[in-house]
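Numbering follows the working numbering, with no gaps: position 181 of the sequence shown is 192.
Every residue gets a Cβ at the ideal spot worked out from N, C-alpha and C, and that includes glycine.
Here is the structure we will look at.
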Amino acid sequence: MIFRGKKVLIWSLNNYLGLSGHPEIREAVEKTLNEYSTGSPMGSRMLTGNTPQHLALEERFADYMGKESAMLWNYGYMGVLGVVAALVGEDDMIVIDALSHACIYDASFLCRGQRKIFQHNDMEHLEAKLRRARENHDGGILVVTEGVYGMTGDLAPLPEICELKDKYGARFFIDDAHGFGIMGENGTGAAEHMGCQDQIDLHFGTFAKGFAAIGGVTAGPKDVIDYIRYNARTNVFAKSTPMVYVTAVGKALEIMIREPERRARMWEITNRLQNGLREVGFDLGNTGSPVTPVYVPAGDVETGMGMIKVLREEFGIFVSGVMYPVVPKGTILFRLIPTTAHTEEDVDRTIDAFAKMGKMMGVLG
Ligand SMILES: Cc1ncc(COP(=O)(O)O)c(C=O)c1O
Numbered sequence: 012m013i014f015r016g017k018k019v020l021i022w023s024l025n026n027y028l029g030l031s032g033h034p035e036i037r038e039a040v041e042k043t044l045n046e047y048s049t050g051s052p053m054g055s056r057m058l059t060g061n062t063p064q065h066l067a068l069e070e071r072f073a074d075y076m077g078k079e080s081a082m083l084w085n086y087g088y089m090g091v092l093g094v095v096a097a098l099v100g101e102d103d104m105i106v107i108d109a110l111s112h113a114c115i116y117d118a119s120f121l122c123r124g125q126r127k128i129f130q131h132n133d134m135e136h137l138e139a140k141l142r143r144a145r146e147n148h149d150g151g152i153l154v155v156t157e158g159v160y161g162m163t164g165d166l167a168p169l170p171e172i173c174e175l176k177d178k179y180g181a182r183f184f185i186d187d188a189h190g191f192g193i194m195g196e197n198g199t200g201a202a203e204h205m206g207c208q209d210q211i212d213l214h215f216g217t218f219a220k221g222f223a224a225i226g227g228v229t230a231g232p233k234d235v236i237d238y239i240r241y242n243a244r245t246n247v248f249a250k251s252t253p254m255v256y257v258t259a260v261g262k263a264l265e266i267m268i269r270e271p272e273r274r275a276r277m278w279e280i281t282n283r284l285q286n287g288l289r290e291v292g293f294d295l296g297n298t299g300s301p302v303t304p305v306y307v308p309a310g311d312v313e314t315g316m317g318m319i320k321v322l323r324e325e326f327g328i329f330v331s332g333v334m335y336p337v338v339p340k341g342t343i344l345f346r347l348i349p350t351t352a353h354t355e356e357d358v359d360r361t362i363d364a365f366a367k368m369g370k371m372m373g374v375l376g
């Protein structure tokens with residue numbers, strides 16, 4: 012990336028599989044652009060925005076995600092809002108992980124049900140919430156978590172959540188933004204990685220990360236997806252996904268399925284980066300995914316900003332700092348996203364820069 016006129020090595024893009032700018036995607040999109048221009052189809056899916064291409068892409072996603080049916084969204088954010096607000100009525104309850112992405116919190120504000128929050132990945136706390144909910148309440152219960160937590164990289168204990176939701180008659184919706192296309196043998200996501208994809212009631216992924224495009228998809232049982240389609244206001248009252256993105260996402264899916272070696276390569280880069288940074292002495296918490304957080308000692312903002320500046324100005328390494336309100340108060344971290352597009356030389360240069368920066372800043376103990 013060129014930053015203020017200087018070439019830097021960037022670790023901040025969610026371009027996990029290196030699909031951004033892929034020549035086949037470019038070529039397919041150029042063709043679509045010539046045929047349909049930028050706006051087509053005009054109108055919402057309910058009116059004039061539905062096309063055979065949209066329907067065909069939804070079928071391909073249902074198949075890829077191992078669910079009966081799937082539906083597209085213009086943005087992942089709108090997808091999460093739409094699903095939750097459509098499903099959780101005033102007699103229902105939504106139970107979310109405390110570290111959930113802003114869109115899950117906003118969805119819980121938008122829906123008419125009661126909201127309960129359990130401590131991050133704390134299954135005893137989740138069980139206590141579900142038990143109490145079942146004792147006092149007859150309505151439906153929707154548990155919502157991420158699959159891979161986008162800032163900390165740790166995974167939700169999905170098999171345990173599935174067990175609990177069955178025990179208490181709840182349903183489970185996972186926002187798998189950072190796992191979709193990335194985790195599991197076929198890249199289906201965090202639940203495939205943990206062997207419980209079949210038990211997830213509704214699976215959601217965005218196209219803004221691994222697919223290097225824009226939009227999102229929710230997959231699940233056909234009757235539920237049909238219900239969401241006609242009741243999610245962010246679908247009914249919003250323009251349909253432009254054809255250029257239908258093409259881009261369809262092509263990305265094709266390449267992703269055809270070239271599993273892209274994922275294998277991403278893991279090689281991930282392991283080299285994470286092992287190297289740990290060996291040098293940095294704290295990466297308990298990430299279980301490519302998301303690589305580097306925690307700033309004592310959560311000190313000034314130190315963190317200094318570390319970022321040294322990495323950028325002295326070594327040409329660009330990382331983004333993450334602080335409140337994206338992560339809880341008192342935490343500051345850099346989030347590195349290793350991708351298929353990085354090389355071993357990039358990784359080694361970065362580890363070396365972190366080691367030197369750590370000494371200069373006196374943060375390595
Ligand atoms: C967990 C999670 N959900 C939803 C979103 C929103 O997705 P989109 O960018 O497609 O709107 C993001 C994006 O950062 C995310 O990390």
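- Distance from the CA of ALA67 to the CA of ASP359, rounded to the nearest whole angstrom, comes to 43 Å.
- The Cβ-Cβ distance between LEU137 and LEU169 does not fall below 8 Å.
- For the pair ILE348 and ASP165, the Cα-to-Cα distance works out to about 14 Å.
- The DSSP assignment places 312–326 as complete runs of the alpha helix (DSSP H) inside the region 281–362, in order along the chain (cut-off: 4 residues).
- DSSP places VAL257 within a helical segment (H, G or I) once states are collapsed to three.
- Leaving aside the five residues that flank GLY100 on each side, the residues in its chain whose CB is nearer than 7 Å to its CB run, in chain order, ARG123, GLY124.
- Cβ contact annotation for TRP84 (same chain, cutoff 8 Å, sequence separation greater than five): GLY90, GLY93, GLY226, GLY227, VAL228, THR229, THR245, ASN246, THR252, in chain order.
- With fewer than 16 other Cβ atoms inside 10 Å of its own Cβ, LEU58 counts as exposed.
- Taking C-alpha positions only, ALA188 is separated from ARG126 by approximately 22 Å.
- Excluding sequence positions up to five before and after SER111, its CB lies less than 6 Å from no other CB in the same chain.
- Taking 8 Å as the cut-off, the Cβ atoms of ARG274 and ILE193 count as close.
- Assigned with DSSP and collapsed to three states, GLY151 falls in coil, not helix or strand.
- In the three-state reduction of the DSSP assignment, SER55 falls in the strand class, which pools E and B.
- In the structure shown, PHE191 adopts coil according to DSSP, grouped into three states.
- Excluding residues up to 5 positions away in sequence, PHE183, CYS207, GLN210, ILE211 lie with their Cβ nearer than 8 Å to the Cβ of CYS173 in the same chain.
- A distance below 6 Å between beta-carbons, with the five flanking residues on each side excluded, links HIS204 to the following residues of its chain, in chain order: MET194, GLY195.
- By the neighbour-count criterion, in which a residue is buried when 16 or more other Cβ atoms sit within 10 angstroms of its Cβ, MET254 is buried.
- For ALA259, the closest C-alpha among the options GLY32, LEU24, PHE14 is that of GLY32.
- Annotation for LEU24: no beta strand (DSSP E) segment contains it, and DSSP assigns it neither H nor E.
- In summary, TYR27 is buried, with 16 or more beta-carbon neighbours lying within 10 Å of its beta-carbon over all protein chains present.
- Cβ atoms of MET316 and GLY332 come within 8 Å of each other, at about 7 Å.
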